[in-house]
Amino acid sequence: MVGKDKLLMPVVFTIVVSASIFALCTIWEYESKSGFFDVSGSLFDFLPNPFVEKQSGILDDVSRWWRKLTKNEQIYWPIFGLNILIFIAWQISSLTPVMLKWFCTTYIPGHPVAVPMVLSIFSHASLLHLAANMSALYSITPFAAELLGREMFVALFLVSGIVSSLGSYTHQVLTGRYFRSLGASGALCGISAIIYSKLPQLQVQFFFLPGVFISATSAVHYLLIFDVFCLLAGQHYFDHAAHVAGFLFGLYVHKFGDVPIGYVKGVTLKFWQGFHPTSGY
1 MVGKDKLLMP
11 VVFTIVVSAS
21 IFALCTIWEY
31 ESKSGFFDVS
41 GSLFDFLPNP
51 FVEKQSGILD
61 DVSRWWRKLT
71 KNEQIYWPIF
81 GLNILIFIAW
91 QISSLTPVML
101 KWFCTTYIPG
111 HPVAVPMVLS
121 IFSHASLLHL
131 AANMSALYSI
141 TPFAAELLGR
151 EMFVALFLVS
161 GIVSSLGSYT
171 HQVLTGRYFR
181 SLGASGALCG
191 ISAIIYSKLP
201 QLQVQFFFLP
211 GVFISATSAV
221 HYLLIFDVFC
231 LLAGQHYFDH
241 AAHVAGFLFG
251 LYVHKFGDVP
261 IGYVKGVTLK
271 FWQGFHPTSG
281 Y
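See below:
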């Protein structure tokens, strides 16, 4: 199978699933405006009453904590929880074959190609990797969700992760060097590129140098140049191809994304308003 044929499946998957994610998040946004997805009350109404009564103290504490969070903060914790569950699964040796098969992206023969492009976004096998990415996500989520809207933030986070997986696949196919890749770094690169491009005058700390700040736009460009350099130099400790793809996707969304995303949202709203009219818009 030649290179372009190998990439056909992940390219088609990226296009179809990305459009579906934007459509679903458009419906989520539409229904949220009508109060249909209001989760400000109890989180556990769906649980059987005997279980709720038995665990009422703990569940009440969790519900009170949840209600104290802002709506934008409520976006972070489900993502964090999913990452924790998958991290725990990595620590169970009997699950290792499952994790290697479904929660990593790679073009190793016999390995599934499509589904891991999504699952790998939430997959971290090491505590350091998990802590680094979840800390970065925690710092950017409330801010990004406020700027983009909660629903669009979730959509762009997921699609950035999928596109970064496609970038990793492309690099593997072109170089013939197959490896396993996982983590939220590519998704974070995409979100960072979008946010920092929208706020070019925002000052961010230059790597970990205290007191040294640069503009957000410069930070994105420096990080992109760094990843491109490492990619060309053959550095393999990180999946630099995924990072580059995430950054480029974020820059594309900032520059040209209104047209394709707006088209998907428009078609979705037209269909959904006819199928399920509410006071959302």
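The opening residue of the sequence shown carries number 1 in the UniProt record's numbering; numbering runs sequentially from there.
Using N, Cα and C, we set each Cβ at its ideal position, and we do this for glycine too.
Practice prompt. Output yes or no for whether 8 Å exceeds the beta carbon distance between Leu182 and Phe249.
Written response: Locating residue 182 in the sequence shown gives position 182, counting from the first residue. Locating residue 249 in the sequence shown gives position 249, counting from the first residue. No, the Cβ-Cβ distance between Leu182 and Phe249 is not below 8 Å.
Worksheet entry | Collapsed DSSP secondary structure at Gln91 in the structure displayed | Counting from 1 along the sequence shown, the entry for residue 91 is found at position 91. Here Gln91 sits in coil by DSSP.
Item to complete: Kindly indicate if chain B contains any beta-carbon less than 8 Å away from that of Gln91.
Response: The structure shown contains no chain B; it holds only a single protein chain.
Fill in: Given Leu74 as reference, the closest of Leu232, Tyr138, Ala114 once Cα atoms are compared
As a working mapping, residue 74 is identified with position 74 in the sequence shown. The amino acid occupying residue 74 in the given sequence is Gln; Leu does not appear at that position. Gln74 has its Cα closest to that of Tyr138, out of Leu232, Tyr138, Ala114.
Worksheet item: What do you get for Gln172, buried or exposed, if any count of 16 or more other CB atoms within 10 angstroms of its CB means buried?
Response: Your numbering for residue 172 matches position 172 in the sequence shown. With 16 or more other Cβ atoms within 10 Å, it is buried.
Worksheet item: Which residues bound the alpha helix (DSSP H) around Phe275?
Response: Position 275 of the sequence shown, counted from the first residue, corresponds to residue 275. Note, Phe275: alpha helix (DSSP H), 258-275.
Discussion item. Could you pull the DSSP bridge partners for Thr105 from this structure?
Written reply: For this step, residue 105 is matched to residue 105 along the sequence shown. Here Thr105 is bridged, per DSSP, to Ser181.
Worksheet item: Would you say Glu29 and Gly149 are within 8 Å of each other, going by their C-beta atoms?
Response: Translated into the one-based positions of the sequence shown, residue 29 becomes position 29. Translated into the one-based positions of the sequence shown, residue 149 becomes position 149. Taking the C-beta atoms as reference points, Gly149 is found nearer than 8 Å to Glu29.
Item to complete: Taking 8 Å as the cut-off, decide whether the C-beta atoms of Leu188 and Ala131 are in contact.
Response: Within the sequence shown, numbered from 1, the residue matching residue 188 stands at position 188. Within the sequence shown, numbered from 1, the residue matching residue 131 stands at position 131. Against a cut-off of 8 Å, the Cβ pair of Ala131 and Leu188 comes out as no contact.
Fill in: Local Cβ density within 10 Å of Phe122, reported as buried at 16 or more and exposed below that
Along the sequence shown, one-based indexing puts residue 122 at 122. Residue burial is scored here from C-beta neighbours: Phe122 has at least 16 other C-beta atoms within 10 angstroms and is therefore classed as buried.
Worksheet item: Is DSSP giving Ala233 helix, strand or coil here?
Response: Position 233 of the sequence shown holds residue 233. Ala233 carries a coil assignment under DSSP once its states are collapsed to helix, strand and coil.
Discussion item. Can you tell me whether Ala242 is buried or exposed? The criterion is at least 16 other CB atoms within 10 Å of its CB, across all chains shown.
Written reply: As a position in the sequence shown, residue 242 is number 242, starting the count at 1. So Ala242 ends up on the buried side.
Worksheet item: Any heavy atom of the ligand NAD closer than 7 Å to the Cβ of Ile84?
Response: Although the ligand NAD was asked about, the structure shown includes no ligands whatsoever.
Worksheet entry | Every unbroken alpha helix (DSSP H) inside the region 128-198 [4 residues or more] | Here the runs fully enclosed are 150-175, 185-198.
Worksheet item: According to DSSP, which residues form a beta bridge with Val220?
Response: As a working mapping, residue 220 is identified with position 220 in the sequence shown. Per DSSP, Val220 has no beta-bridge partner at all.
Worksheet item: Which residues in the same chain as Leu158 place their Cβ atom closer than 6 Å to its Cβ, once the five residues preceding and following it in sequence are excluded?
Response: Counting from 1 along the sequence shown, the entry for residue 158 is found at position 158. The residues are Ile21.
Practice prompt. Within 10 angstroms of the Cβ of Ser120, are there 16 or more other Cβ atoms? Answer buried if so, exposed if not.
Written response: Taking the first residue of the sequence shown as 1, we reach residue 120 at position 120. Classification for Ser120: buried.
Worksheet item: For Ser126, which of helix, strand or coil comes out of DSSP?
Response: As a position in the sequence shown, residue 126 is number 126, starting the count at 1. In the structure shown, Ser126 falls within a coil segment according to DSSP collapsed to helix, strand and coil.
Fill in: Residue interval of the beta strand (DSSP E) (run including Ser215)
Here the question's residue 215 lines up with position 215 in the sequence shown. Note, Ser215: beta strand (DSSP E), 213-215.
Practice prompt. For Trp90, count neighbouring C-beta atoms within 10 Å of its own C-beta (all shown protein chains included) and say buried if the count is 16 or more, exposed if not.
Written response: Position 90 of the sequence shown, counted from the start, is the residue given in the question as residue 90. Within 10 angstroms of the beta-carbon of Trp90 lie 16 or more other beta-carbons, which makes it buried.
Worksheet item: Quick one: what's residue 339 bridged to in DSSP?
Response: The structure shown does not extend to residue 339, since the chain is modelled only from 1 to 281, so the question has no answer here.
Worksheet item: Just reading off the alpha helix (DSSP H) that Phe22 is part of, what are its end residues?
Response: Position 22 of the sequence shown, counted from the first residue, corresponds to residue 22. Residue range 8-33 is occupied by the alpha helix (DSSP H) that includes Phe22.
Worksheet item: Beta carbon of Cys25, beta carbon of Met152: below 8 Å?
Response: Within the sequence shown, residue 25 is the residue found at index 25, counting from 1. Within the sequence shown, residue 152 is the residue found at index 152, counting from 1. Cβ atoms of Cys25 and Met152: closer than 8 Å.
Discussion item. Can you give me the C-alpha to C-alpha distance between Ala145 and Leu7, rounded to a whole angstrom?
Written reply: In the sequence shown, residue 145 corresponds to position 145, counting from 1. In the sequence shown, residue 7 corresponds to position 7, counting from 1. Taking the Cα positions, Ala145 is about 32 Å away from Leu7.
Fill in: Cβ neighbour criterion (16 or more within 10 Å) applied to Gln273
Here the question's residue 273 lines up with position 273 in the sequence shown. Looking at its Cβ environment, which holds fewer than 16 other Cβ atoms inside 10 Å, Gln273 is exposed.
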